[in-house]
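S.K.: Residue numbers (this note's numbering): 115 to 296.
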């Protein structure tokens, strides 16, 4: 007598099929109702080891589009430029420090507090992300270099600067090249 897979296994397999890269022949086998509990467990293990699908983003997502257009970098933005447009009253001081990064295909912005190598990253509201992007669009390079001047490091990546030319630009040679700075 065949001990059929449970509803819970079936549901979990369905969710994994939506998020994983799975060959069509495996999908055909999984569509069958004649799978035992043990076979279902083995399939779940195999699906968990298979690569995830690339995330699907809505094309009309304004935040994604704005973040993709800006350099992946660290920024120091004067608060006098941000205070009229920010809804977050938790930011104090002369500058707001933010970072735009890409991780596993997702680009995001975080507010930074602390020091290089030991930053604490804070989530921001969607409204604040859009407001910061609007300000960054006005003079991106200046805000990157502000970060470097304030932390005495490369404004883009935060690495120590080792030569006079890099210190004058406040950008390391590779980061300067990526940003198109001579």
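Don't be surprised by glycine CBs; every beta carbon is placed ideally from N, CA and C. Predicted, not measured: the structure shown is a model, and the values here were computed from it.
Indicate whether residue 143 and residue 157 have their beta-carbon atoms separated by less than 9 Å.
M.R.: In contact: residue 143 and residue 157 (Cβ atoms closer than 9 Å).
S.K.: Would DSSP call residue 137 helix, strand or coil?
M.R.: It is coil, neither helix nor strand.
S.K.: The alpha helix (DSSP H) with residue 261 in it runs from where to where?
M.R.: Counting along the chain, the alpha helix (DSSP H) containing residue 261 begins and ends at 254 to 265.
S.K.: Start and end of the alpha helix (DSSP H) containing residue 163?
M.R.: 151 to 163 is the span of the alpha helix (DSSP H), which, as asked, contains residue 163.
S.K.: Starting from residue 195, follow the beta strand (DSSP E) in both directions and report where the run begins and ends.
M.R.: Element bounds for residue 195: not the beta strand (DSSP E) but the alpha helix (DSSP H), 193 to 196.
S.K.: Judging by CA-CA distance, which residue of 161, 231, 216, 291 is the nearest neighbour of residue 140?
M.R.: Looking at the Cα atoms, 161 is the closest of the given residues.
S.K.: State the DSSP-derived secondary structure class of residue 199, mapped to helix, strand or coil.
M.R.: Correct three-state label for residue 199: coil.
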